[in-house]
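One structure below.
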């Protein structure tokens, strides 16, 4: 995934900066007793959204998660 972000952002000539960990707004990740992530059913609804306001110039790279091997989307890949 990082390769795709770097390729998409290459035209902005940002150099070889590290790509930070993604923010998974709607995923329901929990830690178990051993400290491992467990992906649970989402707590969000299909109509939920996030609104952000940029207070300075920025470049944002977004991707969708087509995860269908865990209960991220209730076991279904969806498109908007």
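In UniProt numbering, the protein residues as written are 1 to 80.
Virtual Cβ for every residue (Gly too), placed ideally from N, Cα, C.
It should be emphasised that the depicted structure is a prediction, and the values quoted were computed from it without experimental measurement.
Straight-line gap, residue i to residue j (C-alpha atoms, nearest Å)
i: residue 42; j: residue 26; result: 7 Å
i: residue 53; j: residue 16; result: 26 Å
i: residue 36; j: residue 19; result: 22 Å
Close Cβ partners of residue i (< 7 Å) along its chain, the five nearest in sequence each way excluded
i: residue 82; result: No answer is possible for residue 82: it lies beyond the span of the chain, which begins at 1 and ends at 80.
i: residue 59; result: 9, 12
i: residue 21; result: none
Cross-strand partners of residue i (DSSP beta bridge)
i: residue 23; result: In the DSSP output, where bridge partners are listed per residue, residue 23 has none listed.
i: residue 40; result: 28
Cβ neighbours of residue i in the same chain (closer than 6 Å, five flanking residues each side left out)
i: residue 44; result: 26
i: residue 2; result: 19
i: residue 50; result: 25
Own chain residues within Cβ distance below 8 Å of residue i, not counting five before or after
i: residue 48; result: 26
heavy atom of the ligand PLP below 8 Å from residue i C-beta
i: residue 57; result: Absence of the ligand PLP from the depicted structure is noted, as is the absence of any ligand whatsoever, leaving it without description.
Neighbour flag for residue i against chain D, beta carbons, 9 Å
i: residue 58; result: The structure shown contains no chain D; it holds only a single protein chain.
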